[in-house]
Amino acid sequence: MSADSGVEIVPVDPVMIVPFVLLLVTIAVAPFINKRWWEKNYPAVSVSLGLVVVVYYLLGVHNLTRVVTTLHEYISFIALLGSLFVVSGGIHIRLKGKATPLANVILLGFGSLIANIVGTTGASMLLIRPYIRTNKYHIRSYHIVFFIFLVSNVGGALTPIGDPPLFLGYLKGIPFFWFAQYVWLKWLIVVSVLLMIFYVIDTRDFRKRSASLQHKVEEEGEKAAFEGLQNLGFLLAILVAVFIENPVGVREAIMTAAAAGSYYTTSKKIHDRNNFNFIPIKEVAILFLGIFATMMPALDWLTLNVHQLGIVRVEQFYWMTGALSSVLDNAPTYLSFLAASFGLFHLNLEDPQHMQIFLQAHWWYIQAVSIAAVFFGAMTYIGNGPNFMVKSIAEQSGVEMPSFFGYIIRYSLPILLPIYIVVWFFFFH
């Protein structure tokens, strides 16, 4: 069988899914058990588990093409995240005004909108530092968690630029404005509900502060400023490069060149003001190297067995795409279920005519898979690339972030899951 990318998908031993599960469990548990050990040894854990799977694909099933394709996807993934991280790190934004609940809601809403223009990674890296600075006197973990919910994930559901899964759908023939046309109502509902919940939580916290602290927060708002203007040009170069497919490697080369140009033309004082360093992107690059490698058997097994699993209804595609997008990279998960939905009707994702038929007769499946891939990326720290970077930047700034399970138990399950259930009930049930 061939996947939508033309890569031959061969049967794999389900046992080879174990390294992927082990890596996810280790990411979740190890920092909680021994944080110092994990910070020192996570590269070895990630790379070694990834090598186990790579060796299996090379020597066990002799599928070199699958490994090379996954490596290219990983390089493209890191090139985009890394270049946006570096360029946005050269832009210093200071916000004028008071760190009130309303001001925070406006900033989060703005971030949700621009995520569709510069991507969730670009919006996250542009706004996380000024967001932390403007809340410096009363920053709490929930401030960062809702930032991850809105700016790093849910906000990017309206355009192919917003989140990588949607861009892959665009490359397969889904019209650029299709997502905004068919997803806007769900996007608006989820964003609005999250902003309202945040406003209630932030207002209660704001009122608990002493009068003197409130006065300090209100009187010492920063003066508005924007430094590193030349980086807007580098940002534009990255966005243009996103649309370059051939020849292979040109897109990544342009992104890398833009990142290098940004880094060497940005003054040290701007990097210092942003507390810029490469630790967040290093952590993401190493962990996702292992994730991309170890998830190959999981995705291949799913692609070959989705029909046998009885996944045929729209609501099943919504929940399965969402569940796996919470712990897998949501881009390949999106493509796997999109291809599987085409297969239900004996259509080929690679055929432009079949795409037109599917858009007219079965578009609910595209909508369900698209929404789930983007929205559920906020369920865990590893659901989407920007999540880890935002968490790392916040911790470097002194914010005490919840653990992997703490994030899920305290925030994802009680806040996000009920909202996603409502979306399912009214739109896909």
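Under the working numbering, the first residue of the sequence shown is numbered 24, with each subsequent residue one higher.
C-beta atoms are modelled at their ideal positions from N, C-alpha and C, and glycine is treated no differently.
(Q) Do L149 and V141 have their beta-carbon atoms positioned less than 8 Å apart in this structure? (A) yes
Within 8 Å, strictly: CB atoms of A396 and T344: yes
On the criterion of 16 or more Cβ atoms from any shown chain inside 10 Å, does V446 qualify as buried, or is it exposed? buried
request  = Take the Cβ of L181 as the centre, count every other Cβ of all protein chains shown within 10 Å, and call the residue buried at 16 or more, exposed below.
outcome  = Here L181 is buried. Its C-beta has 16 or more other C-beta atoms within 10 Å.
Ignore the nearest five residues each way along the sequence and tell me which others in L367's own chain have a CB closer than 7 Å to its CB.
V335
Among residues of its own chain, excluding the 5 on either side of F448, which ones have a beta-carbon nearer than 8 Å to its beta-carbon? Listed in chain order, the non-local C-beta contacts of F448 below 8 Å within the same chain number zero, local neighbours out to five positions each way being set aside.
- Task: Would you kindly report the start and end of the unbroken beta strand (DSSP E) that includes I56?
- Result: Looking at the DSSP string, I56 is not in any beta strand (DSSP E); the run it does join, the alpha helix (DSSP H), is 41 to 56.
| Helix, strand or coil: how does DSSP classify H385 here? | coil
In terms of DSSP beta bridges, what is I116 paired with?
F249
- Query: Are the beta-carbon atoms of L136 and G178 separated by less than 8 Å?
  - Reply: yes
Report task. Measure how close the beta-carbons of N371 and N176 come, nearest whole angstrom, since I'm counting them as under 8 Å. Result -> 30 Å between Cβ atoms; not a contact.
Under the assumption that A122 contacts H161 (Cβ atoms under 8 Å), give the Cβ distance between them as a whole number of angstroms. 7 Å
Q | Spatial distance of P437 from V75 (CA atoms) | A | Cα to Cα, P437 sits roughly 37 Å from V75.
query: Since F170 is in the alpha helix (DSSP H), which residue starts that stretch and which ends it?
result: 164 to 173
On a Cα-Cα basis, can you pick out the residue from R230, Q383, S420 that is closest to I302? S420
Please list, in chain order, all residues of the same chain as E243 whose beta carbon is under 8 Å from its beta carbon, the five residues on each side excluded. Note on E243: pLDDT 49, under 50, position unreliable in the model; the coordinate value appears next. Apart from sequence neighbours up to five positions away, the residues of its chain that approach E243 with a beta-carbon distance below 8 Å are Y160, ordered along the chain.
Flag this pair as yes or no: are the beta carbons of A321 and L361 separated by less than 8 Å? no
Does DSSP put Y404 in a helix, a strand or coil? coil
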